[in-house]
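What follows is a single structure, written as structure tokens, with notes after it.
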Amino acid sequence: MTMVSDPNSQKLAGWAVAGAENNQNAKVIYLTDGLLKERLLHDENFITKDTQLNRSIVFFIDEVHERSVNIDHCLALLARILTLHPDLKSKIKLIISSATLDTSVPKLFRQIPQVTFAAFEMPQMGTIYPVAKVARPNENILNIVQELYQDRRRYDQILCFVSSVKEVNECVTLLKKITGGAITAYPLVQSQQASVQQEYIETGSVFFSTTVAETSLTFPQLKFVIDTGMINVPVYDPQSKRTVLKVGRAAESTIKQRLGRLGRTQPGTYYSLYNFKVEDQRYPIPQICQSDLMNIEFSLRKSPLHKGLEYMKNFLPDKPPQPSIDHTVQELRNLGILENAPSESLTSHGRALAKLPDFGSLAMSKCVLAALKEYNCGRDLIVLSSILSVLNTTTVLKSVPQQFKSADGDFMTLLNVMDQILLVKKSVKSNEFRLEPICQSKGLTGIQHIIKQALRRQISLEKSFNLSPDFRTQAQVKSNDWELIAKSLLVGYYTNVFASTKELKDRHDLFVRYNDSIDSDIASLDSQSVLARTVNKTPPALVIARDIRYSTSVRSKAILSFVGEIKPDWVEYQVTRNLQLNSEEETRLNTNNLFKNAVSKFSHRISMALNNTTKSAKLSGPAGTVFNGELHLRQNMEEEFQFQLDCTNPLSPAKRTNLTRNLESIMKMPYIFKPMQWRWENQKQVTITINCNSSTKTCDVTVKGRNLEYKNVKKEFDSFLKWLQDCAVIRHPNSGVPPRVFRPQVRSKYLDIEERIARITDSKRTTVDLYNGAKGTKATRETRMEVVAWIAVCLFSCKLEGGFVRDWVIGNYTARPAGLTGNPKAWISYTNGVPYLNREVVPADLDCHLPTHAYFDIDRFHDELYKYDITCKVSRQDWRYVLLIDEDAPTGPFTMDLIEPHVALTHDRIDFDVNDLSLEKDYTHEIGMRVDIQQRPYLIEIEAIVDNIKNKRFQVLRPIDNFLTERIDKMINIRHWAQMGEPFSVVPNPNPKYSAVLVTLPPPSKLYRDLQTEMQKIGSVTIVSIEQVKNPLLEDTYESMKKLIAKQCKGSNPNERSLFHGTKGEGIDGIRDDGFDDRYFSPTGNWGHGAYFADDPKKSHGYTAADTTDQTHVMYYCKVVLGVESKQTATNQQLVSAPKDTHSVVGTLGGFTEYIVYRYGQALPYMKITYKG
């Protein structure tokens, strides 16, 4: 509409953007909202009562529905003019154009006296072509894209709206991955060149974007719009001084804009994936109501108004919150820009800043002023600010060639790029400068559009400084010295200094804001940063960042963008640090003159003091020196501690024996501690060295770190020793039954089980499939548990075992607490700070053993969960992590145990047969056993366990104690399973070096109590211990003998009895290790050369003797195969075997019955009873 037929005639229109303009004196001028705001704010003569106009000046403001800060600012300034200068009303016409308009805007102008405000609404003419609406709430956007792509005509286009640039890129990548490259999607984001977007739109079929503004170009064949209804909004919190990107629902006005892409070139269909009512939020919250107001406030105060938002809020359509305005004013006072109350004037520093051009942020203005006045690098900062002002993401750094990248970081890298371009520009005539060939020759084509904007901004700033009498000369000074540039940046961004947590003896890969708080903001470097390094490289000790990005889509920690490495000597802002100590560390600092030496080294610049009451070291002064002082103290608090893993603590004989033997096994596989060592090294910079000393049969542990951390390490090892002494036989990392498929006879019945196994163990499972399991329309608590299990198993190489495998993978069982289905959070209770779920919840939790071959990073695991909107709280114990997952999810919470690998090896027992199954990575149809119970004498196979689970029955495989009683009660009375038969005890085989192992029988168990009752027949006796004997060779021999004898008995009944046998001296260990050896049978017994047993312990007691050291007696409770008995009442000392056609002699004499067997393997020592009496 601005074109004319005669090229020589006066042009009707001109334009102006930051740093460039054309035909400024034309009758129609196109301006950005930012430039219009600046002219209204700073040009007092922009329009006055003396302005000569034949007609009114018309302000046409478009896209008001976006409610940007600049648009609201323009509206406020125009409202102020009309309010304060009624005489100008005849000279001004204001046209507000918007697809939709919040009522606060017309209300603002209607309340101005003598102002006529007329509203004209376009008739609902609709679109050129019809648009259908299809609701698909909560469905997966990528599934719908694939569905539509298959059914579309050849040139039809699909446009998808998601909430963030991160999600745009993820969807583009995933779609290509899951379709094997069959569908190529294109991102449309703000950082792209317009030409790139145009090329994509002309050639592409599927697009992902976040806002309508980024898709303003017309799509030639747009057929479908898919809208998630979500949007990323930056929200500033004055209390935390953070701007957080929050994902929230889009307003109705935004939804209409997205819908409005359709129906322009052909009929279309709009797919809504949201489930909220669009009309519930008609308009977006104005940006000025949730933004950082610092720069706005300062720009108002330095303008001819000399007043801030407290004044201007009366002219805004929507007022910012009063606390935000008050906070902003106080911050300006704190920064020395605004004089103390009640004065409203700028300080001399504030007035100096006001003389500068607008740099987009107050922080950058302070940097430039410092560069001009103090550090002689004005031109460097002006040029650097030019490119930084047009960058809001770091993607540009990825496209910068290596020759421009600086070891000092992103600031110098960007400055190198600009300097190269400006050097060429300076060397040629202005009319001969062509950016495109220069970028091609320098390898900068990918960021040419950014450089073009930056140059435009640099030219604008150069013009401003050339007109400045205060800074014209200083603005030409260039140093190219990073130290000077960094010191200038520190003036404006000193609150953005972050220290490596590795330097502060914490995690290797994170940074912490270096201020008065020890536990301040945690952050990581942007992956695009020049300073981002691999794990095995030392991170920079201190960095300064321009941007600190917080996002609800990133878990808790911030992302540092545009960073530079700085040296402590450059950092001068004041800070106070309180370094917490324990008593030993305080003593070390005092007694060794370490603190005194530190004071003498640093006290010329900072204050250092020890506080005995708070147990802390306080350091105050310039942050760089404080940082060096803190590092000095931390390094001096490091010590080397040593201790041994041994069995010096007082233990029962059985526990001492087990601990001694298990330590011998540990000495052959010290690598099981590697994950623990890696964890301490990565998370606390503590070095743990383990040396196995074969001569002393101990493990020597050396810990290098602070005393505080040493104590925590020692606690972990002490906890492990406790597990080790309670463990009969430490398992080998590869023990158990390897995963295998079901037997062919039953496999067809269990195809559904294999499907569930694959959902947990298949490392090729796609992200979309995982997304569906976590967030899809059919997502449930159990599918979310599967996703968490998949992450643990496939990404972190954990083994999954226990209740989830039993209840869900095999049983496909679910249950919820009666009366609490609508309140899942009520399922959670806590014991000693550890979360537990209601006993009625099925499945309740995930049990995992951490890998022995890799470092498990709990933070990375946490981040992986967060990708699928799965939240968790972490509790740490000496031997495991306990995670509370999905605490607030509507599907319901669950817990997860992640057991340290060295501790998992001590878990050598199994409580129920149905809890013994396990899953491993990439065994997609197979299932294994944690403890091998397929061997004799148990002979329990995987198929039998699965059959038990399917029929809700279980076998108890260990003696019942109080803990097991509760678990059995839960299985029977709450989950309604049936217990099969009597409990029997599964004990692992001993180390091959030893014949037997003893396992303590718990006093609450039924067998213990029965034996205790029987032993009272002796008289007044006290049970010291009852221990189960596990001797696999004897068991095999005994079982074979039992089978042989059973063949010779009526009904194949071997006539097995449990009987007592008293012994003493060498016989105690001899029977345990070698059984009842017929070479050592007594030849003087009443019934000859045999092994004698009794059903009354009083009789057996007579064959024991008190130990001379502790006065204990030993009696064995044995399994004896009697077969066919020869009953005798008269003695016969000539017998060397049972009479013909019998297998044993049962002799009665003197009121006692004795049972005699004559063959090796006919009796098995089962329980060793140690007692006093």
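So in full-length UniProt numbering, the last one in the sequence shown is 1173, and the numbering has no gaps at all.
In this text, a Cβ means the ideal position worked out from N, Cα and C, and glycines have one as well.
Straight across, the Cα-Cα distance linking V1146 with Q1134 is about 15 angstroms. Restricting attention to beta strand (DSSP E) runs no shorter than 3 residues, the segment 1132-1159 encloses them at 1144-1149 and 1152-1157, ordered along the chain.
Contact annotation, F207 with Y186: C-beta distance approximately 5 angstroms; criterion of less than 8 angstroms satisfied. Counted as a single uninterrupted DSSP element, the stretch harbouring C377 is not any beta strand (DSSP E), since DSSP gives it neither H nor E. Counting only runs that start and end inside the segment 292-375, there is no beta strand (DSSP E) element of at least 3 residues.
In this structure, the alpha-carbon of D547 lies about 41 angstroms from that of K714. Minimum Cα-Cα distance from P342 among the listed residues V997, R351, Q330 and L335 corresponds to Q330. Residue burial is scored here from C-beta neighbours: P1097 has at least 16 other C-beta atoms within 10 angstroms and is therefore classed as buried. With contacts defined as CB atoms closer than 8 angstroms, S561 and D526 qualify as a contacting pair.
Inclusion of V563 and L531 in the CB contact set at 8 angstroms is warranted, their separation being smaller than that value. Closest in C-alpha terms to N25, from the list K37, R379, L12 and T473, comes L12. Between the alpha carbons of S1005 and Q725 lies a distance of about 20 angstroms.
If you look at M608, you'll find it in the beta strand (DSSP E) that goes S607 to N611.
Judged by DSSP in its simplified three-state form, A26 adopts coil rather than helix or strand. With 16 or more other Cβ atoms from the protein chains shown falling within 10 Å of its own Cβ, K921 counts as buried.
One Cα belongs to F511, the other to S324, and the distance between them is close to 29 angstroms. For the 8 angstroms CB-CB criterion, G1161 and S995 do not form a contact.
If you check the CB distance, Y1008 and H1061 do not come in under 8 angstroms. Contact annotation: the segment 953-966 touches the segment 913-931, with at least three C-beta pairs closer than 8 angstroms. Under DSSP, M667 takes part in no beta bridge, so it has no partner.
Taking one beta carbon from each stretch, the segment 683-701 and the segment 761-768 have fewer than 3 pairs nearer than 8 angstroms; the two do not touch. With the rule of 3 Cβ pairs closer than 8 angstroms, the segment 447-464 counts as touching the segment 375-390. When Cβ pairs closer than 8 angstroms are counted between the two stretches, the segment 1121-1135 is seen to touch the segment 1036-1052, the count reaching three or more. For K133, the number of other beta carbons within 10 angstroms of its own is below 16, and it is reported as exposed.
Out of P733, M312 and G229, the CA that lies nearest to the CA of Q281 is found in G229. Checking the DSSP bridge columns, you'll see R513 partnered with F498. One alpha carbon belongs to I960, the other to A1094, and they sit about 26 angstroms apart. Of all C-beta pairs linking the segment 332-352 to the segment 437-447, fewer than three are shorter than 8 angstroms, placing the two stretches out of contact. Of the residues assessed, I942 falls on the buried side of the cut-off, its CB having 16 or more other CB atoms within 10 angstroms. Under the rule that a run must span 3 or more residues, the beta strand (DSSP E) segments found entirely inside the segment 1048-1131 read 1056-1063, 1091-1094, 1113-1121 and 1125-1128. By the criterion of at least three beta-carbon pairs nearer than 8 angstroms, the segment 980-999 is in contact with the segment 931-942. In the three-state reduction of the DSSP assignment, T1170 falls in the strand class.
When secondary structure is reduced to three states using DSSP, P284 falls in the coil class, being assigned neither helix nor strand.
DSSP, read as helix, strand or coil, puts L998 in strand. Fewer than three pairs of CB atoms, one per stretch, sit closer than 8 angstroms, so the segment 602-613 makes no contact with the segment 728-738. Each of F471, R765, K107 and K373 was checked against the Cα of F315, and the nearest Cα belongs to K107.
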